[in-house]
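A short worksheet on the structure shown next.
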């Protein structure tokens, strides 16, 4: 699949078939996440791959009852460990940037494999950390269900994005 097609057709999928995700496809998706760049090459991300049905259902409940999360045969949880980046104004929050870059690599690789994802940031952080035994020093940044979409039309081109001239400026912010 052409990279531009991956970019233009990656969508948030909220309905999944129960078909298993092949191990080689899952490995390619995780390899894409591993390959992401990070500030100072810290690579602060860690991934938890959840396939147990009961645990996926608990994750869905902890994620404010978003039941579709448990429909997918896999849930991937991205954790990051906090570190101080003295070169950035973001400083102690750079792990959030690094982890989401890695996670975006994962979601795009999933689309290239024909797999659906949906960024989930709404969850009870302390409960989810406890459920998944996430150690001190790590925070759960985001999670996604991973599986084949229920609908054949799940991967449609993006249509509701602002025009480039609304978001791109040259030389300075704003229009003159």
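In the working numbering, the protein residues as written are 771 to 946.
We treat Cβ as the ideally placed atom computed from N, Cα and C, and that holds for glycine.
Since this is a predicted model, take the numbers as computed values, not measurements.
Determine, using beta carbons only, whether residue 895 and residue 806 come nearer to each other than 8 angstroms. Locating residue 895 in the chain shown gives position 125, counting from the first residue. Locating residue 806 in the chain shown gives position 36, counting from the first residue. Their beta carbons are not under 8 angstroms apart, which means residue 895 does not touch residue 806 by this criterion.
Chain-order list of residues whose beta-carbon lies under 6 angstroms from that of residue 812 (same chain, five-residue window excluded): Here residue 812 refers to the residue found at position 42 when the chain shown is read from its first residue. Only 853 meet the Cβ criterion.
Which one or two residues does DSSP pair with residue 909 in a beta bridge? As a first step, residue 909 is located in the chain shown; it is residue number 139 there, counting from the start. The partner list for residue 909 (beta bridge, DSSP) reads 850.
Taking only three categories from DSSP, how would you classify residue 921? The sequence position of residue 921 within the chain shown is 151, counting from 1. Coil, per DSSP.
Return the chain-ordered ranges of every alpha helix (DSSP H) run that is complete within the stretch 775-823 and spans a minimum of 4 residues. 793-804
Given 8 angstroms, three or more beta-carbon pairs between the stretch 777-790 and the stretch 856-864: no
How would you call residue 826, buried or exposed, if buried means at least 16 neighbouring beta carbons within 10 angstroms? By 1-based counting over the chain shown, the position of residue 826 is 56. Its Cβ being crowded by 16 or more others within 10 Å, residue 826 is buried.
Contiguous alpha helix (DSSP H) assignments of at least 4 residues, all confined to the stretch 828-900: 838-841, 864-882
To which residues of the same chain is residue 818 closer than 6 angstroms at the C-beta, ignoring the five residues directly before and after it? By one-based count along the chain shown, residue 818 stands at place 48. These residues qualify, in order along the chain: 847, 902.
Same chain, Cβ closer than 7 angstroms to residue 842, five either side skipped, listed in chain order: Taking the first residue of the chain shown as 1, we reach residue 842 at position 72. Excluding sequence neighbours, residue 842 sits near 786, 915, 916, 917.
Cross-strand partners of residue 825 (DSSP beta bridge): As a working note, residue 825 is residue 55 in the chain shown. Residue 825 pairs with nothing; no bridge assigned.
Sequence-distant residues of its chain with Cβ nearer than 6 angstroms to residue 864 (five each side left out): Residue numbering aside, residue 864 sits at position 94 when the chain shown is read from its first letter. The residues are 809, 855, 858.
Outcome for residue 868 when other beta-carbon atoms lying within 10 angstroms are tallied against a minimum of 16: Translated into the one-based positions of the chain shown, residue 868 becomes position 98. Counting Cβ neighbours within 10 Å, residue 868 comes out buried, since at least 16 surround it.
How is the alpha helix (DSSP H) around residue 936 delimited, first residue to last? Taking the chain shown and counting its residues from 1, one reaches residue 936 at position 166. 934-937 is the span of the alpha helix (DSSP H), which, as asked, contains residue 936.
Within its chain, find whatever has a CB closer than 8 angstroms to the CB of residue 871; leave out the 5 residues flanking it on each side and keep chain order. Within the chain shown, the letter at position 101 stands for residue 871. Cβ within range, chain order: 806, 807, 808.
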